[in-house]
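Residue 1 is where the sequence shown starts when you use UniProt numbering, and the numbers rise one by one after that. All C-beta atoms in this analysis are idealised placements derived from N, C-alpha and C, irrespective of residue type, glycine included. From a predicted model like this one, the values you see are computed outputs, not experimental measurements. For reference, the structure discussed in these notes is given below.
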Amino acid sequence: ANLPKARPQRIADIHESEHRRIDLGNREVNRVLGGGLVPGSLVLLGGEPGIGKSTLSLQIALADNGLKTLYVSGEESAEQIKMRALRLGIGNEGCLIYAETLLENILAQIEEQRPDLVVIDSIQTIYTDIIESSAGSVSQIRECAASLLKYAKATGTSIIIIGHITKDGTIAGPKILEHIVDV
Numbered sequence: 001a002n003l004p005k006a007r008p009q010r011i012a013d014i015h016e017s018e019h020r021r022i023d024l025g026n027r028e029v030n031r032v033l034g035g036g037l038v039p040g041s042l043v044l045l046g047g048e049p050g051i052g053k054s055t056l057s058l059q060i061a062l063a064d065n066g067l068k069t070l071y072v073s074g075e076e077s078a079e080q081i082k083m084r085a086l087r088l089g090i091g092n093e094g095c096l097i098y099a100e101t102l103l104e105n106i107l108a109q110i111e112e113q114r115p116d117l118v119v120i121d122s123i124q125t126i127y128t129d130i131i132e133s134s135a136g137s138v139s140q141i142r143e144c145a146a147s148l149l150k151y152a153k154a155t156g157t158s159i160i161i162i163g164h165i166t167k168d169g170t171i172a173g174p175k176i177l178e179h180i181v182d183v
């Protein structure tokens, strides 16, 4: 993706952001995020298997809040997601569902579709061709998360990534993942 080049600015010339926070359609999630999601942020939603990360993130994607949303799944087919969406109730008929795991394809679709919000389920299933290891490896997770962060910052696209927690209570993958994300 051709990302715009940032340039240094004098602090006196920088206007305070009037970014509105994005209402995610869930009062508690908005509260935890300080009033909603900051545009251009990368948020890690972590939790143990089966706790409801995918369901919560799909509810966020389906919220009737006027956002153009792209829900990327490396774990379920589009049909499986549609069945879950019907059970949850669809508020956002325009939510785009994309079953894909190759980062380059995901970034190409984000570039083409220009969503306000991207949800990726999960970071452990995404991989890039530039790293010669399998999805879920430390190097894959680090590279994919760093690429998503760079894209979010350059374009103002908000991205939520789901991360699995291991039995010892840590995010599966590199410790650095927790430091790459904004929240």
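Tell me residue i's beta-bridge partners as DSSP assigns them.
{"i": "A145", "result": "The partner list for A145 (beta bridge, DSSP) is empty, contrary to what the question assumes."}
{"i": "S73", "result": "A99 and D121"}
{"i": "G47", "result": "H164"}
{"i": "Y127", "result": "L102"}
With distances taken from CA atoms, which of the options is nearest residue i?
{"i": "G46", "options": "Q140, D121 and Y127", "result": "D121"}
{"i": "V43", "options": "G50, P49, L86 and I123", "result": "I123"}
{"i": "G94", "options": "D64, R84 and R21", "result": "D64"}
{"i": "T155", "options": "T125, Y127 and I110", "result": "I110"}
{"i": "Q140", "options": "T157, I60, K68 and T101", "result": "T101"}
{"i": "G136", "options": "G74, E79 and R20", "result": "G74"}
{"i": "I22", "options": "T157, I165 and H164", "result": "T157"}
{"i": "L62", "options": "L86, E76 and G52", "result": "L86"}
{"i": "residue 241", "options": "E132, C144 and A108", "result": "Here the chain covers residues 1 to 183 and nothing more, so residue 241 does not appear."}
Taking its Cβ as the centre, do 16 or more other Cβ atoms sit within 10 Å of residue i, making it buried, or is it exposed?
{"i": "N105", "result": "exposed"}
{"i": "V29", "result": "buried"}
{"i": "G66", "result": "exposed"}
{"i": "I14", "result": "exposed"}
{"i": "T55", "result": "exposed"}
{"i": "K82", "result": "exposed"}
{"i": "K5", "result": "exposed"}
{"i": "G36", "result": "buried"}
Would a C-beta distance cut-off of 8 Å place residue i and residue j closer than the cut-off?
{"i": "V119", "j": "Y98", "result": "no"}
{"i": "Q113", "j": "L148", "result": "no"}
{"i": "L117", "j": "L88", "result": "no"}
{"i": "A152", "j": "I162", "result": "no"}
{"i": "P39", "j": "H164", "result": "no"}
{"i": "K68", "j": "P115", "result": "yes"}
{"i": "L24", "j": "I60", "result": "yes"}
Going by DSSP, what residue range makes up the alpha helix (DSSP H) through residue i?
{"i": "E79", "result": "A78 to L88"}
{"i": "V29", "result": "R27 to V32"}
{"i": "A61", "result": "K53 to L62"}
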